[in-house]
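So the structure is just underneath, and the comments pick up after that.
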């Protein structure tokens, strides 16, 4: 008779039922037990009953008839009857049980929709939150179904109606419900564009009913049988009776939903609204254009997380939009932000942004140079940003070139300092624009061509290959045999490797020096050229292993008796250990390693193990401990040969 004991028993039955997935008859019996106790006076018992029905209720159509009782025939109806339970906890449990049935594969009935809509006005936030989730599920199951509009003869698609109702919940009193409603809006991409655009408009009609035409009003008066005095048609006919309960000025539907969401006092709601805007704008270019002003305004939010999310959102929809000058001005103001994450996110946004005018490009360049002066550590990020800005807007950069390079048609101008990061930033913008604009190099001065040749070698990941006039190539340090399309960094890598191939012709001291120089060059190349970093680091690591092995095997160290030269043993042992570590890194931390290269790595590892064996043999007394090590080493040699 104890409600607590009964609730605990039902909880235990639920655990048992979830384990018996292959025994539908037992599960059905458990559902019947739960149905019998749904009338219990304790909310805890009713909660557990609904939870059990949701988790164990039949979802397959082919349930055996002998175990199919009347109580289990329509699980949805049983659960739906408890949507109006007097206890809010039971109402919440009923909605969650219905959602559980949906997750298990049962297609919910459309009739539940009207019940769920009534629950949106519930006094308890847990009920409203669960009801919003249920309405979203039904809108995905029956998007094209037609439902009537209350207090009107009009009909509407279910997904549009659900969208309006969830939009209304963005203004709910509970911030938890507002967050959930805002998040769900983003996934409702089947909504009509008319309703979608209403979310950005605050203007409301008196009661959100469609206004009838004069013909419709005249027809209604005629059919009513009333007559006028003759002076004015229908002037003495009874006026339309408006149900005061049907007119709800707060029921705003989709109107201004995102406006309210983006202005919410809780930053969690604002973030959810920004994410939803992003998802809807990605599927609708026209909506992306309309929501642009609202997203740009969010760049000035007081919370850093909201600002960052707004920037990421705009980057995702940047292919569908073009920024006006006033919008660009607001966006660029964020470059003053003290957070490096915000500034770098904005640089990435500018990489893929479309600008409408050359004044916009000039404004972006000026603000980025200010950013460079204030935060010198942003240098690489700003250069990369200007690279993409130039390549996306060659025709807008072209008229700015004389001003940016300070060239004059009659007078020579002083040559700028090549060590100035701001000057390099300007050149990166211009050279990337010149790639798609063949007339631009004609505006370059002689020193600009020399600077291009220098930057093409030192910052080849930022400066593209250009088809320049032949006379200008004379001043370039690039070899005549190199075509404009060949990458000097790639050729430098090959030349470094060719030097290593000739190692056997050098004396031991020369071999060590050459390896050290080559390793240094490869490491520097990996820092300068991100595209070749993996290949350069991999090669440098292998050569480092080779260098360690050569140093450990120097003849003068091995001619001394082992007990007299402990330093040599420690050096060789440390070298062998480091080689083993590096070979494992080479094999498993780099992608795209070919089988031939894996064999070379295994060979190097085998040499390191042989070195370890020799050091152990020289420092260990007696032969017994060495038998096991020798046998293991011979097995590894055998497996390598296979």
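Numbering (full-length UniProt numbering), first residue to last: 1 to 642.
Every residue gets a Cβ at the ideal spot worked out from N, C-alpha and C, and that includes glycine.
Neighbourhood of residue i by C-beta, 8 Å cutoff - its chain only, sequence neighbours within 5 removed
i	result
residue 87	43, 46
residue 376	421
residue 636	606, 609
residue 65	Note that residue 65 scores 45 on pLDDT, short of 50, meaning its location in the model is unreliable and no value can be drawn from it.
residue 160	191, 192, 195
residue 70	At residue 70, the pLDDT of 42 sits below 50, so the modelled position is not reliable; the number obtained from the coordinates is stated separately. Taken in chain order, the list of residues that qualify is empty.
residue 305	267, 271
residue 49	10, 34, 35, 37, 38, 40
residue 176	125, 129
residue 519	540, 543, 544, 547
Bridge partner(s) assigned by DSSP for residue i
i	result
residue 146	157
residue 355	323
Residues near residue i by beta carbon distance below 6 Å, same chain, minus five either side
i	result
residue 171	260
residue 56	17, 27, 30, 31
residue 301	307
residue 123	none
residue 579	545, 548, 608
residue 320	285, 288
residue 181	132, 166, 169, 170
residue 526	533, 536, 537
residue 368	382
residue 706	As displayed, the chain neither begins before 1 nor continues past 642, which places residue 706 out of reach and without an answer.
Between the CA atoms of residue j and residue i - distance to the nearest angstrom
i	j	result
residue 5	residue 51	16 Å
residue 287	residue 15	48 Å
residue 535	residue 370	36 Å
residue 453	residue 607	45 Å
residue 508	residue 639	32 Å
residue 374	residue 404	20 Å
residue 630	residue 539	31 Å
residue 634	residue 599	17 Å
residue 577	residue 602	14 Å
residue 116	residue 145	16 Å
residue 415	residue 400	18 Å
residue 366	residue 358	12 Å
residue 341	residue 604	43 Å
residue 273	residue 74	38 Å
residue 263	residue 344	25 Å
residue 33	residue 185	39 Å
residue 641	residue 517	33 Å
residue 461	residue 581	31 Å
residue 624	residue 499	45 Å
residue 541	residue 617	28 Å
residue 584	residue 572	19 Å
residue 458	residue 586	28 Å
residue 337	residue 346	10 Å
residue 292	residue 163	21 Å
residue 312	residue 325	20 Å
Assumed close pair residue i, residue j - CB separation to whole angstroms, cut-off 8 Å
i	j	result
residue 200	residue 290	6 Å
residue 435	residue 496	Wrong, their Cβ atoms sit about 28 Å apart, outside the cutoff.
residue 189	residue 283	5 Å
residue 427	residue 455	6 Å
residue 441	residue 468	5 Å
residue 183	residue 276	6 Å
residue 384	residue 351	7 Å
residue 322	residue 299	Incorrect: roughly 17 Å between the Cβ atoms, too far for contact.
residue 355	residue 328	6 Å
residue 389	residue 349	No, residue 389 and residue 349 are not in contact; Cβ-Cβ is about 11 Å, not under 8 Å.
residue 432	residue 464	6 Å
residue 515	residue 553	That pair is no contact at about 14 Å.
residue 83	residue 91	6 Å
Chain-order list of residues whose beta-carbon lies under 7 Å from that of residue i (same chain, five-residue window excluded)
i	result
residue 142	110, 158
residue 102	108, 137
residue 632	none
residue 418	451, 454
residue 472	Any reading at residue 472 is ruled out, since the residue's pLDDT is 39, under 50, leaving its predicted position unreliable.
residue 394	433, 436, 437
residue 100	54, 55
Three or more C-beta pairs closer than 8 Å, one from the stretch 152–159 and one from the stretch 88–106: is that the case here? Under the 8 Å Cβ criterion, the stretch 152–159 does not count as touching the stretch 88–106, having fewer than three qualifying pairs.
Count Cβ pairs between the stretch 606–617 and the stretch 584–593 that sit closer than 8 Å; are there 3 or more? no
Three-pair Cβ contact test at 8 Å for the stretch 372–391 versus the stretch 439–455: no
Between the stretch 142–151 and the stretch 120–132, can you find at least three pairs of beta-carbon atoms closer than 8 Å? no
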